[in-house]
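**Student:** Numbered according to the UniProt record's numbering, the sequence shown spans residues 1 to 284.
Encoded as structure tokens, here's the structure I'll be asking about.
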Amino acid sequence: MNNKSKHFGIAALQLKLAEADNLELLLERIQKTKLRFPWVKMIVLSELALRGVGVQHARELPSAEEQAFCRSARELGIWLVPGSMYEKCGSAVFNTTPVINPAGEVVGRYRKIYPFLPYEKGVTGGDQFLVFDVPEVGRFGVSICFDMWFPETTRALTWLGAEVIIHPTKTDTIDRQDELAIVHASAVTNQCYVVDVNSAGAQGVGRSIIVGPDGEVVHEAATDEEVIAFEVDLERVRKVRERGIKGLGQILKSFRDTRVQYPQYEPGAVSPAYEELGPLKVPE
């Protein structure tokens, strides 16, 4: 018999953020959110919430800022995913999301696999996926912004067991509507929750969205600041994966059982069509 909890409270903070040092503001909003919603067990911030864009902000991890987030998580007794921050590692810079448990320990750091090139200049892509277990609840995965434009990344997380995908985003451009469609499709084709939290103000256009495993929109934010407190129902994920989307398509089982070998994943595979696309550069 499965003795895992069915429900788990999460708050996604869509905050009005400047392209500046936001640490004190973030710590204040985290604390206020926990006080206002004591049933919330995890708080999630947007991509690069700490300082915004710029590899000059990169710090080796653990940094003083990451340790401040750890203290906050420990004092409040919450899981904390503080968006992402630029991580300096040798000569490389990564866009990295730490995952902090209620004891204030970093249980993993996810490096964005697909930096937003050619615009996110000077950032190296990671090459490892991150899933983590919330004891007696379920398995969570982490993805950052542009990663979700590549459906393989989301499928890899659910292949590794993720039932909820935490997806910090920093979008201040006109393609936000397209991202909403991708989030919706990612949730329904992977039979999972997707928690997509964008920034507002100078850093982003808002419109954070949470979508459930049956394709239901739990909440779609407007463009101003919002604290989105909600519960994920992990038993619902398991039931949808067992019975199918709306009692119909059993996507993950079908993917598991297929005999197809995808040509793009063959060792050394080259696509003449893709080679004709030319270099990855800013359009002229």
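Note that CB positions come from ideal geometry on N, CA and C, so glycine has one too.
(1) Excluding five sequence neighbours on each side, which residues of the same chain lie with their C-beta closer than 7 Å to the C-beta of D214?
(2) When DSSP labels each residue in this structure, what does F146 get in the three-state scheme?
(3) By the 10 Å Cβ neighbour count, where 16 or more other Cβ atoms means buried, how is C70 classified, buried or exposed?
(4) Please report the distance separating the alpha-carbon of G122 from that of K88.
(5) From the DSSP secondary-structure annotation, give me the bridge partner or partners of F132.
(6) Nearest to H167 by CA position, among R111, K6, R74 and L23, is which residue?
(7) If we ignore side chains and look at the alpha-carbon of each, how far apart do residue 291 and D147 end up?
(8) What alpha helix (DSSP H) runs, 4 residues minimum, are completely inside the segment 143-187?
(9) Starting from A92 and walking both ways along the beta strand (DSSP E), at which residues does that stretch end?
(10) So, for E284: in the same chain, excluding its five sequence neighbours on each side, which residues have a beta-carbon less than 6 Å away from its beta-carbon?
(11) Straight-line CA distance for D233 to V218?
(12) List the endpoints of the continuous alpha helix (DSSP H) containing V53.
(13) So, helix, strand or coil for F8, using DSSP?
(14) How many angstroms separate the CA atom of A49 from the CA atom of T223?
(15) Report the residue from Y119, P82, L15 and V107 whose alpha carbon sits nearest the alpha carbon of V55.
(16) Applying the 10 Å Cβ sphere with the 16-neighbour rule, what's the burial state of I174?
(17) If S186 and V194 are in contact, beta carbons under 8 Å, what's the gap, nearest whole angstrom?
(18) Do the segment 144-159 and the segment 65-80 make contact, defined as three or more Cβ pairs closer than 8 Å?
(19) Please classify M1 as buried or exposed, where buried requires at least 16 other C-beta atoms within 10 Å of its C-beta.
(20) Can you tell me the Cα-Cα spacing of R256 and G268, whole angstroms?
(21) State the Cα-Cα distance for the pair L248 and S254, rounded to the nearest angstrom.
(22) Quick check: the Cα distance between E216 and E231, rounded to an integer number of angstroms?
(23) Any idea if A181 is buried or exposed, counting beta-carbon neighbours within 10 angstroms, 16 or more meaning buried?
(24) What are the residues that DSSP puts in a beta bridge with E231?
**Tutor:** The short version:
(1) Numbered from its first residue, the sequence shown carries residue 214 at position 214. Counting only Cβ-Cβ distances below 7 Å, and skipping sequence neighbours, we find V240, I245 and K246.
(2) Taking the sequence shown and counting its residues from 1, one reaches residue 146 at position 146. Looking at F146 - three-state DSSP - the assignment turns out to be helix.
(3) Counted from its first residue, the sequence shown places residue 70 at position 70. Answer is buried; the Cβ neighbour count reaches 16.
(4) Residue numbering aside, residue 122 sits at position 122 when the sequence shown is read from its first letter. Residue numbering aside, residue 88 sits at position 88 when the sequence shown is read from its first letter. For G122 and K88, the distance between alpha carbons rounds to 11 Å.
(5) Residue 132 sits at position 132 when you count from the first residue of the sequence shown. F132 pairs with F140.
(6) Numbered from 1 along the sequence shown, position 167 holds the residue referred to as residue 167. When each option's Cα is compared against that of H167, the closest is R111.
(7) Because residue 291 is not part of the residues shown, which for the chain are 1 to 284, the question remains open.
(8) 151-159
(9) What you label residue 92 is simply residue 92 of the sequence shown in a count that begins at 1. Segment A92 to I100, the beta strand (DSSP E) holding A92.
(10) Taking the first residue of the sequence shown as 1, we reach residue 284 at position 284. Closer than 6 Å at Cβ, skipping near neighbours: no residue.
(11) Working through the sequence shown from its first residue, we reach residue 233 at position 233. Working through the sequence shown from its first residue, we reach residue 218 at position 218. Each residue's alpha carbon lies about 11 Å from the other.
(12) To locate residue 53, count along the sequence shown from 1; it is residue 53. Careful: V53 lies outside any alpha helix (DSSP H) and carries neither H nor E.
(13) As a first step, residue 8 is located in the sequence shown; it is residue number 8 there, counting from the start. Note: F8 maps to strand in three-state DSSP.
(14) As a first step, residue 49 is located in the sequence shown; it is residue number 49 there, counting from the start. As a first step, residue 223 is located in the sequence shown; it is residue number 223 there, counting from the start. The straight-line gap from Cα to Cα measures roughly 16 Å.
(15) Sequence index remark: in the sequence shown, residue 55 carries index 55 (1-based). Taking only the C-alpha atoms, the option nearest V55 is Y119.
(16) As a first step, residue 174 must be located in the sequence shown, where it is residue number 174. So I174 ends up on the exposed side.
(17) Counting from one through the sequence shown, the residue named residue 186 turns up at place 186. Counting from one through the sequence shown, the residue named residue 194 turns up at place 194. Confirmed, Cβ separation roughly 5 Å.
(18) Taking a cut-off of 8 Å on C-beta distances, the segment 144-159 does not touch the segment 65-80, as fewer than three cross pairs fall below it.
(19) Position 1 of the sequence shown, counted from the start, is the residue given in the question as residue 1. With a pLDDT of 40 at M1, under the threshold of 50, the predicted position of this residue should be treated as unreliable, and no value is reported.
(20) Taking the sequence shown and counting its residues from 1, the one referred to as residue 256 is at position 256. Taking the sequence shown and counting its residues from 1, the one referred to as residue 268 is at position 268. Each residue's alpha carbon lies about 24 Å from the other.
(21) Position 248 of the sequence shown, counted from the start, is the residue given in the question as residue 248. Position 254 of the sequence shown, counted from the start, is the residue given in the question as residue 254. So the two alpha carbons sit approximately 12 Å from each other.
(22) Looking up residue 216 in the sequence shown gives position 216. Looking up residue 231 in the sequence shown gives position 231. Cα-Cα distance, rounded: 13 Å.
(23) Taking the sequence shown and counting its residues from 1, one reaches residue 181 at position 181. Classification for A181: exposed.
(24) As a first step, residue 231 is located in the sequence shown; it is residue number 231 there, counting from the start. DSSP lists G9 as partners of E231.
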